[in-house]
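Same order as they appear, the protein sequences are chains A and B. The C-terminal position of the first sequence is numbered 299 in the numbering used here, with every residue numbered one higher than the one before it. The C-terminal position of the second sequence is numbered 306 in the numbering used here, with every residue numbered one higher than the one before it. The structure under discussion appears below in the form of structure tokens.
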Amino acid sequence: MNILICIKQVPDMESKFKINAEKNWYDRTDLAWRMNEYDEYAVEQAVRLKEQVGAADLTVLCIGPDQVKETMKKALAMGCDRGVHIADNDAHKREPLEIASMIAGFAKDKNFDIVFTGMQSQDRGSAQVGVMIAELLAIPAVTTIVDFAFDNGAIHVKRELEGGGRALVKATTPVVLTCQLGLNTPRYPTLPNIMKAKKKELLTLAVPDMGGIGACQETAAFYFPERKGSGLVLEGELPDMAEKLIHLLKEKTGVLA
Amino acid sequence: MKTLLVAEFREGKLRVKYSQLIAFAKELQTTTSMFLVGSPSELPQFNGTLYLADVAKYGEYNPTVHKQLLLDVIAKEQPDRIVFHHSSYGWDLAPRIAVALKAAQISEVVAIEDGVPVVPVCNAKLRRKIKSKTAQTILTLQAGAFGMEEDPIGTPTVVPIDTDVTGKVDCSGYEAAKLEGVDLTKSEIIVSAGRGVGKPENIAMVQALAKALGGEYGASRPVVDAGWVDHNRQVGTTGRTVTPKLYVACGISGAIQHLAGMKKSEFIVAINTDKDAPIGEVADVFVVADLKQFLPVLTEKLLAR
Numbered sequence: 043m044n045i046l047i048c049i050k051q052v053p054d055m056e057s058k059f060k061i062n063a064e065k066n067w068y069d070r071t072d073l074a075w076r077m078n079e080y081d082e083y084a085v086e087q088a089v090r091l092k093e094q095v096g097a098a099d100l101t102v103l104c105i106g107p108d109q110v111k112e113t114m115k116k117a118l119a120m121g122c123d124r125g126v127h128i129a130d131n132d133a134h135k136r137e138p139l140e141i142a143s144m145i146a147g148f149a150k151d152k153n154f155d156i157v158f159t160g161m162q163s164q165d166r167g168s169a170q171v172g173v174m175i176a177e178l179l180a181i182p183a184v185t186t187i188v189d190f191a192f193d194n195g196a197i198h199v200k201r202e203l204e205g206g207g208r209a210l211v212k213a214t215t216p217v218v219l220t221c222q223l224g225l226n227t228p229r230y231p232t233l234p235n236i237m238k239a240k241k242k243e244l245l246t247l248a249v250p251d252m253g254g255i256g257a258c259q260e261t262a263a264f265y266f267p268e269r270k271g272s273g274l275v276l277e278g279e280l281p282d283m284a285e286k287l288i289h290l291l292k293e294k295t296g297v298l299a
Numbered sequence: 002m003k004t005l006l007v008a009e010f011r012e013g014k015l016r017v018k019y020s021q022l023i024a025f026a027k028e029l030q031t032t033t034s035m036f037l038v039g040s041p042s043e044l045p046q047f048n049g050t051l052y053l054a055d056v057a058k059y060g061e062y063n064p065t066v067h068k069q070l071l072l073d074v075i076a077k078e079q080p081d082r083i084v085f086h087h088s089s090y091g092w093d094l095a096p097r098i099a100v101a102l103k104a105a106q107i108s109e110v111v112a113i114e115d116g117v118p119v120v121p122v123c124n125a126k127l128r129r130k131i132k133s134k135t136a137q138t139i140l141t142l143q144a145g146a147f148g149m150e151e152d153p154i155g156t157p158t159v160v161p162i163d164t165d166v167t168g169k170v171d172c173s174g175y176e177a178a179k180l181e182g183v184d185l186t187k188s189e190i191i192v193s194a195g196r197g198v199g200k201p202e203n204i205a206m207v208q209a210l211a212k213a214l215g216g217e218y219g220a221s222r223p224v225v226d227a228g229w230v231d232h233n234r235q236v237g238t239t240g241r242t243v244t245p246k247l248y249v250a251c252g253i254s255g256a257i258q259h260l261a262g263m264k265k266s267e268f269i270v271a272i273n274t275d276k277d278a279p280i281g282e283v284a285d286v287f288v289v290a291d292l293k294q295f296l297p298v299l300t301e302k303l304l305a306r
């Protein structure tokens with residue numbers, strides 16, 4: 043089987059964000075970077091599938107500046123066979139359809155059986171790219187999967203629904219699957235596998251032909267939301283804060299009788 | 002301006018939150034029509050044209066077919082905006098339409114300011130206003146961002162629609178949410194653990210505080226996904242929606258999916274090291290502290306009372 047896993051490098055969401063000079067995105071300096079959490083599930087599922095079927099080749103793809111190769115190395119250490127880095131210093135400015143067009147441009151003549159990707163990114167969070175890749179490649183996509191089984195060529199997935207129920211969906215290859223949190227338990231790369239990953243192929247490509255697709259939208263403003271909450275902020279020594287909180291609970295709630 | 006709303010039908014029922022789509026359209030004061038793959042026996046309360054495909058024929062989840070039905074309506078109706086819920090149905094179907102129309106899709110809209118959609122970025126820590134550069138624009142609306150005071154009223158003019166296109170995937174049915182066991186919706190005090198607990202052993206601190214307060218413990222999604230707490234204790238969109246007298250969020254950043262499940266609690270305490278965490282938007286009291294240090298101190302003081 044020929045499998046593509048599309049991942050993104052994102053900042054740690056606990057980071058202290060600043061707004062960039064152009065006021066259209068967050069400032070990319072002084073941030074800790076990691077693999078988009080949803081994509082970790084995508085990588086893990088692909089590796090598990092390879093472990094199941096044996097004969098599978100896993101290509102991990104990532105778009106961005108040189109620094110994304112660090113994140114790609116994690117995917118290689120988790121078990122992907124090769125990496126394709128699409129070098130694009132403007133990746134963070136790209137809208138979903140542009141990103142999907144690049145990936146489809148790369149994938150169109152490669153005959154991938156399954157494309158795994160996260161159902162959304164943690165920073166931009168559009169939840170569009172995976173489905174758009176499938177549409178551009180004219181293959182089916184099933185989104186938000188929380189369960190995956192491969193059996194004799196048939197793919198059985200469960201889609202997560204609001205309220206916690208699941209839809210049971212059957213598909214065949216080729217297919218794009220977008221992965222939701224909880225699909226599996228992503229592994230931590232072991233030291234030997236981290237060493238092995240260093241020897242794996244990591245090819246850097248220029249931006250592929252995007253079929254004439256440009257951005258359909260643009261950022262009109264970028265800002266921190268106003269704090270609507272009029273909540274009280276407690277800071278300081280732990281025992282003081284605990285005393286103050288207990289006092290507040292007595293005063294404002296009926297729960298500490 | 003013309004707006005086409007995309008309503009949803011699942012597990013044999015019209016999804017009632019279509020009223021949020023109508024509320025959104027009202028805010029924009031546009032001419033509005035609606036699209037639904039649903040049942041003629043269960044129509045939305047709506048005054049306008051309803052393009053209705055029969056769900057018995059086309060299925061509830063059948064993206065290729067729903068896409069074609071919707072594209073046919075768009076070709077006929079020529080709407081300026083096509084509006085979906087940002088939901089498992091909406092985020093699955095909307096990008097298919099965006100690609101077909103080569104149109105802008107703006108996801109998870111939380112507000113419209115001066116006619117421009119606003120969306121969250123980076124786990125709702127930041128906001129972005131997005132201008133569409135295409136003639137038609139596709140929007141998905143964050144659950145609960147647009148609402149109505151009263152229930153919608155009206156009777157739609159039904160226009161039946163059909164297609165010859167067949168599907169590529171097969172949805173064979175549904176599996177119910179696994180929520181047996183403790184029922185957090187009945188708890189008056191809930192102390193919930195988030196990613197900030199760090200490791201499974203620290204769940205005990207959250208349990209201890211819950212016990213000291215005489216309540217139950219819950220968890221946010223990452224903690225449940227990690228297998229540290231059972232799914233029946235998950236608070237949020239895919240778990241329980243709770244309204245206790247006191248909700249204590251320990252190390253929970255406040256993703257929208259979690260907030261949706263607890264923001265109507267009477268009194269909310271957040272304990273978090275990150276002052277900018279979105280949980281602050283709903284917290285009555287925000288304790289800036291590492292829960293691993295603060296919870297034992299708080300629990301001890303409560304027990305010593």
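Beta carbons are placed, not taken as given, at the ideal position from N, Cα and C, and that holds for glycine.
Run of the alpha helix (DSSP H) containing H198 (chain A), from where it starts to where it stops: Where H198 (chain A) is concerned, there is no enclosing alpha helix (DSSP H), although the beta strand (DSSP E) it sits in stretches over A196 to E202.
Proximity test, Cβ basis, 8 angstroms: V218 (chain A) and chain B: Cβ-Cβ to chain B under 8 angstroms: no for V218 (chain A).
CA-to-CA distance, Q106 (chain B) to T242 (chain B), given in whole angstroms: 29 angstroms
Burial state of G216 (chain B), where buried means 16 or more other Cβ atoms lie within 10 Å: By the neighbour-count rule (16 or more Cβ atoms within 10 Å), G216 (chain B) is buried.
Endpoints, the beta strand (DSSP E) within which F36 (chain B) is located: T32 to G39
Beta-carbon gap between S193 (chain B) and A220 (chain B) smaller than 8 angstroms: yes
Contact under 8 angstroms by Cβ, G255 (chain B) with V236 (chain B): no
Contacts that E204 (chain A) makes with chain B (C-beta to C-beta distance below 8 angstroms): Residues of chain B passing the Cβ test: S88, S89, A144, T238 and T239.
Residues that DSSP places opposite T159 (chain A) in a beta bridge: A:C48 and A:T220
Three-way DSSP call (helix, strand, coil) for H87 (chain B) in this model: coil
Which of helix, strand or coil DSSP assigns to P281 (chain A): helix
Closer than 8 angstroms to chain A by CB, L303 (chain B): yes
Start-end ranges of the beta strand (DSSP E) lying completely within the stretch 214–275 of chain B, minimum 3 residues: 217–220, 247–251 and 268–273
Those residues which DSSP pairs with V160 (chain B) across a bridge: B:Y52
Euclidean distance between Cα positions of G60 (chain B) and V7 (chain B): 16 angstroms
Terminal residues of the alpha helix (DSSP H) in which E176 (chain B) lies: Going by DSSP, E176 (chain B) is part of no alpha helix (DSSP H) but of the beta strand (DSSP E) stretching over D171 to E176.
Chain-ordered chain A contacts of I191 (chain B) [CB-CB under 9 angstroms]: Chain A residues near I191 (chain B): none, gap ~11 angstroms exceeds 9 angstroms.
Anticipated Cβ contact below 8 angstroms, T33 (chain B) with P157 (chain B), distance rounded: Not quite, the Cβ-Cβ distance comes to about 10 angstroms (not below 8 angstroms), so this is no contact.
Member of B:S266, B:M206 and B:K265 whose CA lies at the smallest distance from the CA of D291 (chain B): B:M206
CB contact check: Y80 (chain A) to chain B, cutoff 8 angstroms: no
Under 9 angstroms by beta carbon: chain A residues contacting T135 (chain B): C258 and Q259
Pair within 8 angstroms by beta-carbon distance, A239 (chain A) and A119 (chain A): yes
Residue-chain proximity (E282 (chain B), chain A), Cβ-Cβ < 8 angstroms: Yes, E282 (chain B) counts as interfacial toward chain A.
Start-to-end residues for the beta strand (DSSP E) that takes in V119 (chain B): V117 to V122
Coarse secondary structure for S108 (chain B), derived from DSSP in three states: strand
Short-range partners of chain A found in the stretch 199–222 of chain B, where Cβ spacing is below 9 angstroms: L214, G215, G216 and R222
The stretch 43–50 of chain A contacting the stretch 106–123 of chain B, beta-carbon criterion three pairs below 8 angstroms: no
Per DSSP, cross-strand counterpart(s) of Y62 (chain B): Per DSSP, none; premise fails for Y62 (chain B).
Residues bridged to W75 (chain A) (per DSSP): A:P53
Straight-line Cα distance separating N48 (chain B) from A146 (chain A): Going by the C-alpha atoms only, they are around 42 angstroms apart.
Chain A contact for A290 (chain B) (CB, 8 angstroms cutoff): yes
Any chain B beta carbon closer than 8 angstroms to F190 (chain A): It does not; no Cβ of chain B falls within 8 angstroms.
CB contact below 8 angstroms: E213 (chain A) versus chain B: Per the sequence shown, residue 213 (chain A) should be read as Ala rather than Glu. Yes, its Cβ sits closer than 8 angstroms to a Cβ of chain B.
Alpha carbon of K276 (chain B) to alpha carbon of M55 (chain A), nearest angstrom: 13 angstroms
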